[in-house]
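Numbering (the working numbering), first residue to last: -11 to 95. Notes follow once the structure below has been shown.
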Amino acid sequence: MFCPKCGSLLMPKVIKNEKVTACSCGYTNKTASGAGVLKETVQGKRLVGDVVSEDQDDAKLPKTRAECNKCGSQEAYLWTKQTRAGDEPETKFLKCVKCKHTWRDYS
-11 MFCPKCGSLL MPKVIKNEKV TACSCGYTNK TASGAGVLKE TVQGKRLVGD
39 VVSEDQDDAK LPKTRAECNK CGSQEAYLWT KQTRAGDEPE TKFLKCVKCK
89 HTWRDYS
């Protein structure tokens, strides 16, 4: 549930033995009788390994100028994927057009 004043998330609290939802802006609202509060903790799992899909169709990917460190070709397919935290930039994946060598660029 979101605050109608500022749009922030309303948090469940008990004020003077009364269940309410409250916002950091000062807005409070009585919790409806019979309404429950669900608390769920989710623990993230860290994935290990390459995130390259073998079944992707390379011909549909855009090409860019990038030097392959395996064969020296100057052209590679390019795609991006969010492999780290959401506040960090996406990882660029490059795949050599000539020898199909695949590498990552974190910049």
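Idealized CB from N, CA, C, for every residue including glycine. Bear in mind that the values here come from a model prediction, so they are computed numbers and not experimental data.
Give the straight-line distance between the Cα atoms of residue i and residue j, rounded to the nearest whole angstrom.
| i | j | result |
| --- | --- | --- |
| Lys(-7) | Pro0 | 17 angstroms |
| Phe81 | Tyr15 | 46 angstroms |
For residue i, collect the residues of the same chain with a Cβ closer than 7 angstroms to its Cβ; drop the 5 residues on either side in sequence, then sort them by chain order.
| i | result |
| --- | --- |
| Arg53 | Gln62 and Glu63 |
Considering residue i, what are the terminal residues of the beta strand (DSSP E) in which it resides?
| i | result |
| --- | --- |
| Ala64 | Glu63 to Lys69 |
| Glu55 | That residue, Glu55, is in no beta strand (DSSP E); it is neither H nor E in DSSP. |
Figure out for me which residue from the options has the closest Cα to the Cα of residue i.
| i | options | result |
| --- | --- | --- |
| Tyr65 | Val85, Cys56 and Val8 | Val85 |
| Phe(-10) | Val2, Gln70, Lys4 and Val8 | Val8 |
| Val13 | Asn5, Thr19, Gly74 and Ser(-4) | Per the sequence presented here, residue 13 reads as Cys, with Val not at that position. Cys13 has its Cα closest to that of Ser(-4), out of Asn5, Thr19, Gly74 and Ser(-4). |
| Ala73 | Trp67, Cys87 and Tyr94 | Tyr94 |
| Cys87 | Thr19, Asp46 and Thr71 | Asp46 |
| Asn17 | Lys4, Asn5, Leu(-2) and Gln31 | Leu(-2) |
To which residues of the same chain is residue i closer than 8 angstroms at the C-beta, ignoring the five residues directly before and after it?
| i | result |
| --- | --- |
| His89 | Cys56, Asn57, Lys58, Cys59 and Lys83 |
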